[in-house]
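Right, one structure below, let's go through it.
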Amino acid sequence: MPVNGASIGGGFTEGELKFASFWVRNKPTIRKAVRIAFIIVNVGLWGYVLWGILDAYAISYPRESRITADIAQDQVTMDALESNRPQNVRAANVLVLTGTDGRYDMAVDVENPNAQWWAEFTYRFNFSGEQTSMRNGFILPGSKTVLTELGFRPKGRGGATAQLVVDGIRWHRVDPAQVGASYKDYELERSNVAFENVTYQGGLIVGTKEVGRTSFDMKNRGSFGFWAYDVVVRLYRGSTIVGVNRIS
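In this text, residue positions in the sequence shown follow this note's numbering: the first is 115, and each later residue adds one.
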């Protein structure tokens, strides 16, 4: 009997001999258990891989494809809503011309970029901090117009600068039932005015002053007549605007 871990036989301790005896007696069982564990681990790994492939292509893919399609459809819907929403009216810089008796004329080009929308609005000019009278205006689809304030006399002195102020814009969509397939054709049939024979004559004497006169012919080429037709006239000296007026 070993005493306090003494060696037995060829130098092996009792514990080592017991372990060797256990290994010899259970070696086939241990090897079998290791093989089974290895097989279980491999089956688990391959099962995980196969499940991932199955989930990616058979289970999750159709669902994720539907989600992607829904997102794309929502984006198309949002794009359609954005494309159908009217864009803002575009305004150029306000032109300010000095008149007589301390008066000023103001004019600004306004453009409607929408082919299927027209707008009503009220507007005024802010002239160096002073407000002009509020006026009503409108602009047709895809067209340009000129807004004016003529003969404005400010109460105080200031720089000859002005800004356009637009309030209460109301958009109206063109109704195909009323205008047909093409609004441009509808407009051309009803508002087709041509300006011809523009001439300038100088050296005219009015009272004691020598003045010039510009004349032109307006021809209505449309199918409808008008009681009145407002026209904004701008007088150029070369490429510079030197005068603006509104006639009807």
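C-beta atoms are modelled at their ideal positions from N, C-alpha and C, and glycine is treated no differently.
{"query": "DSSP-derived helix/strand/coil call for Arg199", "result": "coil"}
{"query": "Integer Cβ distance of Phe330 from Asn306, believed to fall under 8 Å", "result": "Wrong, their Cβ atoms sit about 16 Å apart, outside the cutoff."}
{"query": "Residues that Asn250 bridges to, as DSSP identifies them", "result": "Thr236"}
{"query": "Nearest residue (CA-CA) to Phe252, options Ala276, Asn240, Gly243, Val224", "result": "Val224"}
{"query": "Arg351 versus Gly273 - alpha carbon distance", "result": "23 Å"}
{"query": "Cutoff 7 Å; reference Asn156; Cβ partners in own chain excluding five residues on either side", "result": "none"}
{"query": "One or two residues paired with Tyr314 in a DSSP bridge", "result": "Thr328"}
{"query": "Residues near Leu318 by beta carbon distance below 8 Å, same chain, minus five either side", "result": "Glu324, Val325, Gly326, Arg327"}
{"query": "Coarse secondary structure for Val208, derived from DSSP in three states", "result": "coil"}
{"query": "For Val288, the three-state DSSP class (helix, strand or coil)", "result": "coil"}
{"query": "Nearest candidate by alpha-carbon position, reference Arg204, set Val260, Gly294, Lys132, Val320", "result": "Val260"}
{"query": "Nearest-angstrom Cβ-Cβ length linking Asn240 and Ala206, presumed shorter than 8 Å", "result": "Not confirmed; about 16 Å, so no contact."}
{"query": "Proximity below 8 Å, CB of Pro268 to CB of Trp232", "result": "no"}
{"query": "8 Å Cβ cutoff met for Asn226 and Ser257", "result": "yes"}
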